[in-house]
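Notes to accompany the following structure.
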Amino acid sequence: MAVSDTLINTLFDGRYRVLRRLGSGGMANVYLAEDQQLGRRVAIKILNERHAHDEQFVERFRREAKNAAGLSHPNIVPVYDRGEAEGTSYIAMEYLEGRTLKQLIVRDTMPIAVVVEYTRQILAALGFAHRRGIVHRDIKPHNVLVSSDGRLKVTDFGIARAGASQMTEVGSIIGTAQYLSPEQARGTQVDQRSDLYSTGVVLYELLTGVVPFSGDTPVEIAMKHLSTAPEPPSRKRPGIPRELDMVVLRALAKDVSERYGSAEEMDSDLARIQRGLNVSQETEEAATAVLARGADATVVSKAAVVAPPPFPGSTYYDYEPLPRRRRPLWPWLLALLLLVGAGLGGWYAYTQIQDELTDAKPVALPLLEGIPEALAVQRVLDLGLNPKVVRQPHEEVQEAIVFRQEPAEGERIERGNTVTLYVSTGKPKARVPDVVGQTVEEATDALEERGLRVNAVEIFSSEPEGTVTAQSPGAGRLVVRGATVRINVSRGPRPIGVPSVVGQSFESASSELTQAGFAVARTDVESNEPAGRVVDQSPDAGSAAAKGSTVSVSVSKGPSVTTVPDVTGLDAGSAQATLENAGFKVATEFTDTTDPGQDGVVFDQNPAGGSEAEPGSTVTIIVGRVGEEPAPPPPPPSATSPNPPPQ
Numbered sequence: 001m002a003v004s005d006t007l008i009n010t011l012f013d014g015r016y017r018v019l020r021r022l023g024s025g026g027m028a029n030v031y032l033a034e035d036q037q038l039g040r041r042v043a044i045k046i047l048n049e050r051h052a053h054d055e056q057f058v059e060r061f062r063r064e065a066k067n068a069a070g071l072s073h074p075n076i077v078p079v080y081d082r083g084e085a086e087g088t089s090y091i092a093m094e095y096l097e098g099r100t101l102k103q104l105i106v107r108d109t110m111p112i113a114v115v116v117e118y119t120r121q122i123l124a125a126l127g128f129a130h131r132r133g134i135v136h137r138d139i140k141p142h143n144v145l146v147s148s149d150g151r152l153k154v155t156d157f158g159i160a161r162a163g164a165s166q167m168t169e170v171g172s173i174i175g176t177a178q179y180l181s182p183e184q185a186r187g188t189q190v191d192q193r194s195d196l197y198s199t200g201v202v203l204y205e206l207l208t209g210v211v212p213f214s215g216d217t218p219v220e221i222a223m224k225h226l227s228t229a230p231e232p233p234s235r236k237r238p239g240i241p242r243e244l245d246m247v248v249l250r251a252l253a254k255d256v257s258e259r260y261g262s263a264e265e266m267d268s269d270l271a272r273i274q275r276g277l278n279v280s281q282e283t284e285e286a287a288t289a290v291l292a293r294g295a296d297a298t299v300v301s302k303a304a305v306v307a308p309p310p311f312p313g314s315t316y317y318d319y320e321p322l323p324r325r326r327r328p329l330w331p332w333l334l335a336l337l338l339l340v341g342a343g344l345g346g347w348y349a350y351t352q353i354q355d356e357l358t359d360a361k362p363v364a365l366p367l368l369e370g371i372p373e374a375l376a377v378q379r380v381l382d383l384g385l386n387p388k389v390v391r392q393p394h395e396e397v398q399e400a401i402v403f404r405q406e407p408a409e410g411e412r413i414e415r416g417n418t419v420t421l422y423v424s425t426g427k428p429k430a431r432v433p434d435v436v437g438q439t440v441e442e443a444t445d446a447l448e449e450r451g452l453r454v455n456a457v458e459i460f461s462s463e464p465e466g467t468v469t470a471q472s473p474g475a476g477r478l479v480v481r482g483a484t485v486r487i488n489v490s491r492g493p494r495p496i497g498v499p500s501v502v503g504q505s506f507e508s509a510s511s512e513l514t515q516a517g518f519a520v521a522r523t524d525v526e527s528n529e530p531a532g533r534v535v536d537q538s539p540d541a542g543s544a545a546a547k548g549s550t551v552s553v554s555v556s557k558g559p560s561v562t563t564v565p566d567v568t569g570l571d572a573g574s575a576q577a578t579l580e581n582a583g584f585k586v587a588t589e590f591t592d593t594t595d596p597g598q599d600g601v602v603f604d605q606n607p608a609g610g611s612e613a614e615p616g617s618t619v620t621i622i623v624g625r626v627g628e629e630p631a632p633p634p635p636p637p638s639a640t641s642p643n644p645p646p647q
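The opening position of the sequence shown corresponds to residue 1 in our numbering, with each subsequent residue numbered one higher.
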């Protein structure tokens, strides 16, 4: 499918409803689309059809998504998604309502305070990328987006690469010619200092409205990067501080060793300028060397352009070129003084009248809410008003952004009056109280009173159950309201296994349980087991119980005894019934008797009547029984009989 404006009002890759084209480049088109899955607007960058099958461009596209996806920073445009659809590749990224930095430069000259603030935001993004080994290699105003609240975000990491990557062949020139570093122009290896050179070009353009090097062809511009010393920005825009000149010149040094070594180092100088301080000694020396070396710049090829006139003298701000030949100067000086005097007189009279007119006229306040503090302050000053900054926390507005102004937008006030700017310090903060040692209920109440959330985690501890043993963050820490504080709550000592003591003597069982960390409770019970023996325990053996808790043991009192009834002389049936009623078992044995009166009568018993025995034990009774008379024995055989009688 041709990737063109026929995409508008279509569903791309089954997910993105394309709304309109935002812009076009040599490699890709960018569209505003709505993510149908997440319900948010995104900027979707789609590779042009003519590049969709070019492996080099496709790989650059993939690398852009990979590089940006790994860079989560407030000043870098985040990538949400990437993929391939309809014969081409695409990247879905955050959509920012605003303009590119290039569009703002073309529109108007920026206040110096805003220029410094914007440059610091670019450096913040680059510093973050550089610390992760990513060099952007194409820093220019076109690749910096400015949101409606004044936040800058760097985009287009398409030719960025890791420091050790060899993806780009040495000798090829990549990037827009006006923002190339000298090493890019030569096609040699680059590092983070190349990005800082390009940032210096952007800073120059923000200050003056023009780039330091221009020409009719990219080659001519590239040669100027190699051979021509930059003209200080203050020559093109009077009023630029000397310190800013030096920052720009150091960033634009041809020799990478003379440039800033890191984005943080360059940002440090800009921060000093914001505070009204001098730049570092290294920056002053590097800037002076850049200007002094301008006269000695060599032409590296026929396409190179001759450097501007040398700057005489040792001080870097001595800008006037040397005269080519000596001529009488006094006539020209006299004429010049007369012209200047007349001009100054007229200008002075004009400005006095204008000042009187404009000072008396009230000015209408612009909308200052939703923009950075530095930008708001500068706009107030530009109107001849006095800014007063009041810093307060705010639940929704991010730090350093104006969330309210007094007087309000559109109100007219006279010059010299005060405009109060309420600047957010971020979300309200709360100091974490000390809750260690309190009950979980007390700790929860104390934390929630300060607008903090509670994450209570139960742990085993020797502290009483329900007591807070630790907290994080610690007491006294200042945190954002709504933050979560973790508290460790004791659930008592860690459980340990209960040993088995059933069958042991009480003394042995008690010793073992005590050594294991338990208390022992004894209960004596009726049992047939020997006296003093443990017959039961609670908790059961092998179960878990808290150290220091009590294990109850049941100890046998020993078997009980009862008196054995005397049943001698009773018939067997009566004797058995008597013994069983007394709780004994009965065993019967018989003995022969010739007395019919003793038949079925108990002759004896064991144990004897009146003795003591355990209930349930056996009592044996001896019962008489009348038997038959025995037959007489046969006579002995006769000695004269030849044969024994038959049997």
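Where is the CB? At the ideal position from N, CA and C, for every residue including glycine. Here the structure is a predicted model, which is why all the values come from computation and not from measurement.
Query, Result
"Does the beta-carbon distance from residue 385 to residue 402 come in below 8 angstroms?", "no"
"Give me the Cα-Cα distance between residue 425 and residue 399, rounded to the nearest whole angstrom.", "5 angstroms"
"Quick one: residues in its chain with C-beta nearer than 6 angstroms to the C-beta of residue 582, no 5 flanking neighbours on either side, listed in chain order?", "565"
"If I follow the unbroken alpha helix (DSSP H) through residue 573, where does it start and stop?", "572 to 581"
"If you measure from the beta carbon of residue 446 to each beta carbon in chain D, is any gap under 8 angstroms?", "In summary, chain D is missing from the structure at hand, where a single protein chain is found."
"So, with DSSP's three-state summary, where would you put residue 372?", "strand"
"On the CB-based measure, 16 or more other CB atoms within 10 Å of its CB, does residue 115 come out buried or exposed?", "buried"
"Should the segment 21 to 33 be regarded as contacting the segment 43 to 58, the criterion being three or more beta carbon pairs within less than 8 angstroms?", "yes"
"When DSSP labels each residue in this structure, what does residue 218 get in the three-state scheme?", "helix"
"Taking 8 angstroms as the cut-off, decide whether the C-beta atoms of residue 480 and residue 447 are in contact.", "no"
"So, using beta-carbon positions, are residue 525 and residue 537 closer together than 8 angstroms?", "no"
"Let me check one thing: in DSSP terms, what residues is residue 70 bridge-paired to?", "In DSSP, residue 70 forms no bridge with anything."
"Name the DSSP bridge partner or partners of residue 386?", "418"
"Grouping DSSP H, G and I as helix and E and B as strand, with all else coil, what is residue 491?", "coil"
"Would you kindly report the start and end of the unbroken alpha helix (DSSP H) that includes residue 23?", "Unbroken run through residue 23 is the beta strand (DSSP E), 16 to 24; no alpha helix (DSSP H)."
"My parser needs the beta strand (DSSP E) runs of 3 or more residues fully inside the segment 44 to 128; what are they?", "79 to 85, 88 to 94 and 98 to 100"
"Would the beta-carbon of residue 432 fall within 8 angstroms of that of residue 468?", "no"
"Reducing DSSP to helix, strand and coil, say where residue 143 ends up.", "helix"
"Just verifying my parser: in three-state terms, what is the DSSP assignment at residue 254?", "coil"
"Which residues in the same chain as residue 72 place their Cβ atom closer than 7 angstroms to its Cβ, once the five residues preceding and following it in sequence are excluded?", "78"
"Between the beta-carbon of residue 278 and the beta-carbon of residue 157, is there less than 8 angstroms?", "no"
"If we ignore side chains and look at the alpha-carbon of each, how far apart do residue 590 and residue 568 end up?", "13 angstroms"
"Tell me whether the beta-carbon of residue 550 lies closer than 8 angstroms to the beta-carbon of residue 519.", "yes"
"Let me confirm a value: residue 6 is counted as buried when at least 16 other C-beta atoms fall within 10 Å, else exposed. Which label applies?", "exposed"
"Going by DSSP in three states, residue 617 sits in which element: helix, strand or coil?", "coil"
"For residue 248 versus residue 238, is the C-beta distance shorter than 8 angstroms?", "no"
"On the DSSP letters alone, give me the boundaries of the alpha helix (DSSP H) that residue 447 sits inside.", "440 to 449"
"How would you write the range of the alpha helix (DSSP H) that residue 510 sits in, first residue to last?", "506 to 515"
"Report yes if the CB atom of residue 141 is closer than 8 angstroms to the CB atom of residue 100, and no otherwise.", "yes"
"DSSP on residue 177, reduced to helix/strand/coil?", "helix"
"Taking only the alpha-carbon atoms, compute the straight-line gap between residue 276 and residue 229 and give it to the nearest angstrom.", "27 angstroms"
"Excluding sequence positions up to five away, which residues of its chain have a Cβ less than 6 angstroms from the Cβ of residue 182?", "225, 226 and 254"
"Pull up the distance between the alpha-carbon of residue 135 and that of residue 187, whole angstroms please.", "15 angstroms"
"Going by other Cβ atoms of all chains shown within 10 Å of its Cβ, with 16 needed for buried, is residue 522 buried or exposed?", "exposed"
"With C-beta atoms as the reference, is residue 586 less than 8 angstroms away from residue 602?", "no"
"Are the CB atoms of residue 476 and residue 453 within a distance shorter than 8 angstroms?", "no"
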